[in-house]
Amino acid sequence: MAPIRVLMAKPGLDGHDRGAKVVSRALRDAGMEVIYTGLRQSPEQIVLAAIQEDVDIIGLSCLSGAHNSLFPKVVDGLKAKGAGEIVVFGGGVIPEADIPGLLASGIAAVFTPGTSLEEIVSWVRKRVKNHHE
Amino acid sequence: MQDKQEKLAQWQQKLEQGKARFPERKAEFESSSGIPLQTVYTPLDLSQTDEFALPGEFPYTRGVQRNMYRGRLWTMRQYAGFASAQESNERYKYLLSQGQTGLSVAFDLPTQIGLDSDHSLSEGEVGKVGVAIDSLADMEILFSDIPLDKVSTSMTINAPAIVLLAMYLVVAEKQGVEWNKLKGTIQNDILKEYVARGTYIFPPEPSLKIITDIFAFCAENVPNWNTISISGYHIREAGATAVQEVAFTLANAICYVETAMAAGQKVDDFAPRLSFFFNAHSNLFEEVAKFRAARKLWAEIMRDRFGAKAEKSLLLRFHTQTAGCTLTAQQPDNNVVRVALQALAAVLGGTQSLHTNSRDEALALPSEDSVRIALRTQQIIAHETGVADVVDPLGGSYYIEDLTNQIEEKVKDMLTKIDDMGGAVAAINAGYIQRQIQDSAYNYQLGVERKEQIIVGVNQFTVEDETQPDLLRVDPAVGVEQNQRLAALKSQRNQDAVNSGLAAIRTAAEKGDNIFPLVLDSVRAYASLGEICGVLREVYGEYQGKDLV
Amino acid sequence: MNNWQLQLAKAITKIENLDFQALADAARLPLDDSSVHIIGVTGPPGGGKSTLCNQLIQGLAVSHKVAALLVDPSSPFSGGAILGDRIRMQALVSNPNVYIRSLSNRGNAGGVASSLVSILRLLMSYGFDYIVIETVGAGQSEVKIASIADTTLVVSVPNLGDDIQAFKSGILEIADIFVINKGDLPGADSLYTSLRESAQSQRQGWTPPLCQTVATAGLGIPELLAEIHRHGQWLGKENRLVEKRKLAAKFEVLELSRMLLQKHLDTVPAEVLARNLNRKDINLLQKLDDVYGELLNIFSEV
Ligand SMILES: Nc1nc2c(ncn2[C@@H]2O[C@H](COP(=O)(O)OP(=O)(O)OP(=O)(O)O)[C@@H](O)[C@H]2O)c(=O)[nH]1
Ligand SMILES: [Mg+2]
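Put into structure tokens, the structure is as follows:
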């Protein structure tokens, strides 16, 4: 079986990567291949890396409050480069009120603090499977 | 002695019999750092060598002063700052009017990374996690109508600390306040940025050079300023255990002392101005023991390893913040209780100043109501509980003393290991510290998943359909306005003065001279933060993250 | 504009997943293109391979198209992997001359992925001038890279213990170029001396040169690039490159047959295996005359 390929990225300037790293490990331990790109990535860099790596899905983590301007840029950038089928999900300190807007902009799911790793892992599995079918 | 041991043995036998019939909640109990816990502690656990320890005396396990809070309470210092300098200034004045006794400035991420608000990477980040400062002009507004000789100000700024401190000094100058009247702290702790917080700019070597420049300049010109706040806080937030928090913080501290001494400074000249910053988590007794152990370890390190003679050099004075990572987005009012218990640990542990988190910080920036409750929590502890009336009230508790010793031993082992690797910078370069922190973070999370670690409202005692409280939002227009202000400033200032100021910084940086006086000159000429850091970036290069997973 | 990258990336994934059609397609692409230079980089974990690759690629990409394959180990427990080499190459992502791809070794002990050579064929067809391969920093069983790359760089760093002792057997012999990285750390000079004394012996007319670098600061990179070119030119003579590529093709055939067989075996349902093992006509306790025959019996669906 082909492993799911995930790009975990931290857009923006925020340096709190505890969540991104813990989730990366959990996805690895669930058998996925996780490409971690490090801090301070622009949406454009994230899009290019995702294309080169042929990932199924991108996880974005942001704790600084810049999610509304950064997350949708990744989705738009993927579409513009013909890679719109790559699923994008997000996490971090994100107020509930922002979630509908993010979903409408094409973010497939938003995980807020307290979400269990198991929930994220099984969501990714299901989402990528559906999408491969 | 014999007698006591026998008695204890008998008691344990009965205990085991009882357990056979009624098993305990868990097979093994341990502290959050993995220290195994006994059912009960007795005088037999007090270490044999324990001297008759008193607060205010070496090794200061029981506190850095003889009478601690009976003299003066700890400084209640709430970290705040958001959006524009104008709005933050209003929040500061509000907090001071509510009885807060010190300011604590939060800067936005572009400022912390030495970028101006109009830099492309700043998009979406301006004014988000703190106030946006591009130049002296913003700093003047930030502290307008706040007499700088009357407050003590703590600034959470690291990589570009030299520029922000210079701005503060120039604001004081303009207010007519002499620099020797200024009190406060810059965080200025770059090493933990590499391992935990991520707002670095330059590689370790030039970063340490800038820090030593600040030490030297302030020792001479700003004698009451705390030139560094060596921070375990963020290391803990990144996932470290209590023991790792102390060990990695002290390892970083040792590196700063060694660097300054290697640059020819005398230990007793700068060491009295070193301060620390720790995290207060919910495991109450372990936290109290952690603070006690840290004080003792530092006093011994300074005296025995660095030959410090001045008493002030031996004192580990610290600020504490309650643990942001323990706050839950679910049932956020519960956070008030968590914060109260964590704050209690800090006070029982003898902190010099304290920030209590607001209940809604896991959701967004704290609202004014939440900030007030957080401050009130400190005031209740200070004035209603009586815990501030006796120094080190838990001292002598068999359990606390034993835990203090155990933490001390474990920290010493880790410090030896880091020394063997060649010190903190080598350990960071090898990724050792990062990996340790990440392992702890992941193990903790797995414990939560397995419900070995219960988080009320998250993996147990949950409620359906929560509604979120009203949250503070930063107006996205802040970024636009900030850019306009910066453009206006750039068109009005004397560009020749800026150019020659920046050129002078470049020359000094290239030659390895102390850059502080030249940064001051450029700041006076309204050179922007991004321009000054830009020159330094060109000379020093930029640090490439050593992230690993 | 990134269309070719999209296409290429997807084709690599198929090969990696041992998609039969993709492998067959790749097999039709030539491996003997002498205008492409394949550079392998191996060495101890944390030795600075990725940082060094970043510098090399930056240098090469000024005037050439460069592809990089970065191999990291998979987790023996889950089969998953965290692929982190890219972090050291953040600045290259938007360089239009560069394509970077992270690969898991998918449990392959050789420090590279089994399908690597098929991926190389594919990359050649995309017109890259250079292909840089970073192997797993496992130390020991990395010799496989030498069968694949035209030029193998063996990275070493000071203070890994008893200098030369720190090299596991076999690794010294595969070096076409020795790179002493972290030249800024104490001990670099003594490592240089001991390598020159004991490791630098001529092999088939090529004496592996020693290059000292500080990858984090970009020091020694032009010199290293010059040696890489010199080795490339040396290979171009007397049919040497063709021989190298034959070695790679041999590796490919062996690895792929092993993997495809494994893949096939993995598809035999457990019930079938159990049933076959219990069949009367297979007696595992007796002397086996026709061991292959028996094995085929066990694994075939009847
Ligand atoms: N002092 C020094 N450090 C270096 C040098 N080159 C790389 N490093 C550091 O060494 C560490 C490891 O570098 P990487 O490039 O990730 O090493 P690697 O060999 O690719 O590591 P793995 O892929 O994990 O095996 C990083 O912290 C680099 O910054 C150098 O020349 N001098
Ligand atoms: Mg690497």
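Chains as they are written, first to last, in the working numbering: chain A, -14 to 118; chain B, 351 to 899; chain C, 40 to 341.
For glycine and all other residues, C-beta sits at the position ideal for the given N, C-alpha and C.
| Asked | Found |
| --- | --- |
| Where the alpha helix (DSSP H) containing B/R313 begins and where it ends | A query on residue 313 of chain B cannot be resolved here, the shown segment of chain B reaching from 351 to 899 and no further. |
| Length of the line joining the Cα atoms of B/F627 and B/S581 | 5 Å |
| Residue environment, C/A48, which counts as buried when at least 16 other CB atoms sit within 10 Å | buried |
| Where the alpha helix (DSSP H) containing C/M163 begins and where it ends | 155 to 164 |
| 8 Å Cβ cutoff, C/Q44 in contact with chain A | yes |
| 8 Å Cβ cutoff met for B/D825 and B/A569 | no |
| Nearest-angstrom beta carbon gap, B/A690 and B/T727 [assumed within contact, 8 Å] | 5 Å |
| Rounded separation between A/V(-9) and A/I71 - CA only | 10 Å |
| A/L102, buried or exposed, once every other Cβ within 10 Å from all chains shown has been counted against 16 | buried |
| Pair within 8 Å by beta-carbon distance, B/E595 and B/L753 | no |
| Ligand 2 heavy atom lying under 7 Å from the CB of C/E282 | no |
| Cβ pair count under 8 Å reaching 3, the segment 284 to 291 of chain C against the segment 186 to 193 of chain C | yes |
| C-alpha gap between B/I903 and B/P510, whole angstroms | No answer is possible for residue 903 of chain B: the residues shown for chain B start at 351 and end at 899. |
| Residue-chain proximity (C/R269, chain A), Cβ-Cβ < 8 Å | no |
| Any non-hydrogen atom of ligand 4 within 7 Å of C/E173 CB | Of the ligands this structure carries, namely ligand 1 and ligand 2, none is ligand 4. |
| A/R13 - DSSP class collapsed to helix/strand/coil | helix |
| Beta-carbon proximity of C/L159 to C/I77, cut-off 8 Å | yes |
| Option in C/I219, C/G118, C/L293 with minimal Cα separation from C/T81 | C/I219 |
| Cβ-heavy atom distance, C/R127 to ligand 1, below 7 Å | yes |
| Cβ pair C/G259, C/G176 closer than 8 Å | no |
| Cβ-based neighbour list, C/A214, same chain, cut-off 7 Å, excluding 5 preceding and 5 following | T191, V193, P247 |
| Where B/P460 meets chain A, residues with beta-carbon distance less than 7 Å | L(-2) |
| Beta carbon of C/G146 nearer than 8 Å to that of C/S117 | no |
| C-beta contact flag for C/A265 and C/T90 at 8 Å | no |
| Exposure of A/A35, with buried meaning 16 or more beta-carbon neighbours within 10 Å | buried |
| Beta carbon of B/L821 nearer than 8 Å to that of B/A660 | no |
| Cα-Cα separation, B/G862 to B/P556 | 9 Å |
| Contact under 8 Å by Cβ, B/L677 with B/V737 | no |
| Backbone CA spacing between B/P743 and B/Q537 [nearest angstrom] | 30 Å |
| B/H705, DSSP secondary structure in three states | strand |
| In chain order, each alpha helix (DSSP H) run of at least 4 residues that lies wholly inside the segment 636 to 665 of chain B | 661 to 664 |
| C/K221 Cβ short of 7 Å to ligand 2 heavy atom set | no |
| Ligand 2 heavy atom lying under 7 Å from the CB of C/K53 | no |
| Residues of the segment 778 to 806 of chain B with Cβ closer than 8 Å to any Cβ of chain C, in chain order | A780, G781 |
| Where A/E29 meets chain C, residues with beta-carbon distance less than 8 Å | S133 |
| Contact with chain B by A/L55, beta-carbon distance below 8 Å | yes |
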